[in-house]
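Numbering (the UniProt record's numbering), first residue to last: 1 to 110.
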């Protein structure tokens with residue numbers, strides 16, 4: 001999974017947390033359904049990059065309740081405090097291989 005945060009106008013470090021949510025007909029064979037990325041300090045162009053692997057094996061007997069990835073963007077300020085900046089969710093692609101998807105996140109206004 002390669003994630004890019006673009007144009008968040010807050011100085012500091014960013015991280016993303018994720019949860020894989022699925023319907024009742026799905027079970028986890030192996031791997032973690034939640035986690036977080038490393039932190040990144042955005043570049044001059046206000047872009048933060050994450051290349052965090054998600055190694056998860058799911059099994060099902062139905063396609064109902066297709067798995068979704070739920071993402072949250074967190075910000076750390078210079079004092080180590082963290083705040084939620086945005087969140088979003090999208091379906092995991094149903095075919096194997098490399099995919100490029102775009103998720104417009106809900107941005108928290110402070």
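For every residue, glycine included, the Cβ atom is placed at its ideal position computed from N, Cα and C.
Quantities reported herein were computed from a predicted structural model and do not represent experimental measurements.
Residue 37 classed as buried or exposed, judged by whether at least 16 other C-beta atoms fall within 10 angstroms: The count along the chain shown starts at 1 and reaches residue 37 at position 37. Buried is the call here.
Where the beta strand (DSSP E) through residue 109 begins and ends: Stepping through the chain shown from its first residue, residue 109 is reached at position 109. No beta strand (DSSP E) holds residue 109; DSSP gives it neither H nor E.
Residue(s) in a DSSP beta bridge with residue 31: Taking the first residue of the chain shown as position 1, residue 31 is located at position 31. Looking at the DSSP output, residue 31 shares a beta bridge with 56.
Opposing strand residues paired with residue 19 [DSSP bridges]: For this step, residue 19 is matched to residue 19 along the chain shown. The partner list for residue 19 (beta bridge, DSSP) reads 34 and 70.
Contact set for residue 93: own chain, Cβ-Cβ below 8 Å, skip 5 residues either direction: Mapped onto the chain shown, residue 93 falls at position 93. Residues of the same chain with a CB within less than 8 Å of the CB of residue 93, apart from the 5 flanking positions on each side, are 99 and 101 in chain order.
Closest by C-alpha distance to residue 63, when choosing among 24, 11, 104 and 109: Sequence index remark: in the chain shown, residue 63 carries index 63 (1-based). In terms of CA proximity to residue 63, 24 leads the group 24, 11, 104 and 109.
Residue 97 in three-state terms, based on DSSP: Mapped onto the chain shown, residue 97 falls at position 97. Coil at residue 97, not helix or strand.
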